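Novice:
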Amino acid sequence: MENLPAGLQAAAERVAAAERIVVLTGAGISTDSGIPDFRGPKGVWTRNPGAEKAATIQNYLADPEVRRMAWLNRLDAPLWGAEPNVGHECIVRLERTGRLHALVTQNVDGLHQESGNDPEQVIEVHGTVRYTRCWDCSDRRPMRETLDRVRAGEADPPCLVCGGIVKSDTISFGQSLVPEVIDRALRVSDECDLMLAIGSTLSVYPVANCVPIAKRSGAAVIVVNGESTEMDHHADHLLIGQIADILPTLVGG
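Numbers in our numbering are just positions in the sequence shown, counted from 1, shifted up by 115.
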């Protein structure tokens with residue numbers, strides 16, 4: 116208990132009293148599952164700058180070699196062996212109390228659904244890597260089907276419907292968010308009485324706006340992260356430390 120941040124008990128009491136909680140998660144909640152973040156010391160783009168190039172939609176669409184490397188990287192991505200961790204499980208526990216209004220996530224790993232959260236509650240503002248989508252006709256199917264084609268020798272598998280370019284069903288740099296998805300994320304933030312932001316630097320917009328929107332609407336704001344965030348000044352409770360240590364006490368049984 117000595118490593119737990121000051122103010123944790125007061126924050127836990129705030130959570131216990133809340134009736135409409137919106138949880139906002141970022142990459143930090145999945146690092147304990149073995150999924151690296153992007154820009155940290157061991158981040159995906161820190162260790163492999165070419166992966167960041169592939170995450171830009173203009174590069175992906177224009178360069179077949181970028182697509183071929185992207186498909187090779189997807190074959191052995193850490194995601195496929197990852198399992199939900201205690202942080203994910205705590206959010207499931209919170210949902211079971213009936214007080215989780217929505218779960219907004221910047222993550223594309225699908226671990227919230229894997230852990231048991233109701234998919235209808237999860238708002239994936241940046242999409243999901245567990246599906247593919249054709250850039251031309253929008254055909255959508257499970258990622259594993261396309262990865263099987265890559266393993267069988269298709270270096271840059273085209274759409275089976277129209278022959279167009281296929282990518283993961285995620286939002287790349289330079290690609291617009293899905294309006295109804297981000298609109299829903301901002302709307303539920305306006306409706307909550309407590310915003311719990313976990314594992315995000317809260318520096319990516321427009322989803323980072325969920326925090327000040329909740330604050331302006333009178334909600335309490337709790338920020339849980341391993342380091343400072345760009346929204347610390349909005350936090351009623353700022354809990355810096357290990358997410359897996361903090362959340363069990365914060366959410367309770």
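Beta carbons are placed, not taken as given, at the ideal position from N, Cα and C, and that holds for glycine. Just so we're clear, the structure is a prediction, and the values are computed from it rather than from any experiment.
Which whole-angstrom value describes the C-beta separation of H216 and R302, a residue pair presumed to lie in contact below a C-beta threshold of 8 Å?
Specialist: Not quite, the Cβ-Cβ distance comes to about 10 Å (not below 8 Å), so this is no contact.
Novice: If you check the beta carbons only, do C358 and G202 fall under 7 Å apart?
Specialist: In the sequence under discussion, the amino acid at residue 358 is Ile, which differs from the Cys named in the question. In this structure, G202 lies closer than 7 Å to I358 by Cβ.
Novice: Is the separation between the beta-carbon of R255 and that of G225 shorter than 7 Å?
Specialist: no
Novice: Which residue marks the beginning of the alpha helix (DSSP H) containing E306, and which one marks its end?
Specialist: 294-306 is the extent of the alpha helix (DSSP H) around E306.
Novice: What does a CB cutoff of less than 7 Å around G279 pick up in its chain, not counting 5 residues either side in sequence?
Specialist: C249, W250, D251, C252, P273
Novice: What does the Cβ neighbour count give for D284, buried or exposed, with the cut at 16 atoms within 10 Å?
Specialist: D284 is buried by the Cβ-count criterion.
Novice: Exposed or buried, which one is C205 when buried takes at least 16 other CB atoms within 10 Å?
Specialist: buried
Novice: Does the count of Cβ pairs from the stretch 341-350 and the stretch 306-320 closer than 8 Å reach three?
Specialist: yes
Novice: Nearest to D298 by CA position, among V240, Q290, V181, A132, is which residue?
Specialist: V240
Novice: Assign C307 to one of two classes, buried (16 or more other C-beta atoms within 10 Å of its C-beta) or exposed (fewer than that).
Specialist: buried
Novice: Could you compute how far the alpha carbon of R259 sits from the alpha carbon of T243?
Specialist: In this structure, the straight-line span from the alpha carbon of R259 to that of T243 is close to 13 Å.
Novice: Going by DSSP, what residue range makes up the beta strand (DSSP E) through T140?
Specialist: Note, T140: beta strand (DSSP E), 136-140.
Novice: With burial defined as no fewer than 16 other Cβ atoms inside 10 Å of the residue's Cβ, what is the status of C325: buried or exposed?
Specialist: A buried status is given to C325, since no fewer than 16 other beta-carbon atoms sit within 10 Å of its beta-carbon.
Novice: Can you name, in chain order, every residue of its own chain whose Cβ lies under 6 Å from the Cβ of E117, other than the five neighbours on each side?
Specialist: Summary for E117: the model assigns pLDDT 49, below 50, so the residue's position carries little reliability; its value from the coordinates is reported in the next sentence. Here the set comprises nothing.
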